[in-house]
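Chemist:
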Amino acid sequence: MTEAEGAAPGAVIGATTLADKIDGLFRVVRRSNREQYSHEEVAKACREATGESFSATYLWQLRTGRRDNPTKRHLEALAQFFQVPVAYFFDDDQGAAIAQELELLGALRDAGVRSMALRAVNLSPEGVGTINDLIDVIARREGGGRG
Numbered sequence: 062m063t064e065a066e067g068a069a070p071g072a073v074i075g076a077t078t079l080a081d082k083i084d085g086l087f088r089v090v091r092r093s094n095r096e097q098y099s100h101e102e103v104a105k106a107c108r109e110a111t112g113e114s115f116s117a118t119y120l121w122q123l124r125t126g127r128r129d130n131p132t133k134r135h136l137e138a139l140a141q142f143f144q145v146p147v148a149y150f151f152d153d154d155q156g157a158a159i160a161q162e163l164e165l166l167g168a169l170r171d172a173g174v175r176s177m178a179l180r181a182v183n184l185s186p187e188g189v190g191t192i193n194d195l196i197d198v199i200a201r202r203e204g205g206g207r208g
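Its first residue numbered 62, the sequence shown is counted upward by one per residue in our numbering.
(1) Report yes or no: do three or more beta-carbon pairs, one from the region 195 to 205 and one from the region 121 to 139, lie closer than 8 Å?
(2) Alpha carbons only, please: which of A160, N94, P186 is nearest the one belonging to G85?
(3) Taking buried to mean at least 16 other C-beta atoms within 10 Å of its own C-beta, is I196 buried or exposed?
(4) Distance check for N94 and D153, CA to CA, integer angstroms please.
(5) Which full runs of the alpha helix (DSSP H) of 4+ residues lie inside the region 119 to 144, going along the chain?
(6) What are the boundary residues of the alpha helix (DSSP H) that includes G112?
(7) If you measure between the beta carbons of C107 and F143, is that distance less than 8 Å?
(8) Per DSSP, which residues does Q97 bridge with? Please list them.
(9) Decide if K133 is buried, meaning its Cβ has at least 16 other Cβ atoms within 10 Å, or exposed.
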């Protein structure tokens, strides 16, 4: 799989069920042309990652809530594909924080800075704060004090 190429804002904040979380990832993490990944290509990547059976139909069932008890390995493979920590699926607090980061990625992508946003995903909160401060300084310098 290639790296997740971008995100569409407004898709995952408040997701509480497994189906909501998986659906949110499909709606938020997209290719560079902003199209969603298909169930088949995600399922194929998950099969390759786990060496286990993982069909597009099974993925659709998870995404729509018709099935809700995947194996840990399947969730790890989904997390790997969508480039989110597996805690997104298991820990509500971390899941909410990750959802907010995904929303930010969508907004940044839409503003034309997708590459920088993707690199920032793995930074600590302090690192992200430092980058925000730098952006404010540069914006004031380049915008004549706006920012």
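Glycine included, every Cβ here is placed at the ideal spot set by N, Cα and C.
Modeler: Considering the structure as presented:
(1) no
(2) A160
(3) The residue in question, I196, is exposed, as its Cβ has fewer than 16 Cβ neighbours within 10 Å.
(4) 31 Å
(5) With a minimum length of 4 residues, the unbroken runs of alpha helix (DSSP H) contained wholly in the region 119 to 144 fall at 133 to 143.
(6) Here G112 belongs to no alpha helix (DSSP H), and DSSP marks it neither H nor E.
(7) no
(8) Q97 is bridged to R91.
(9) exposed
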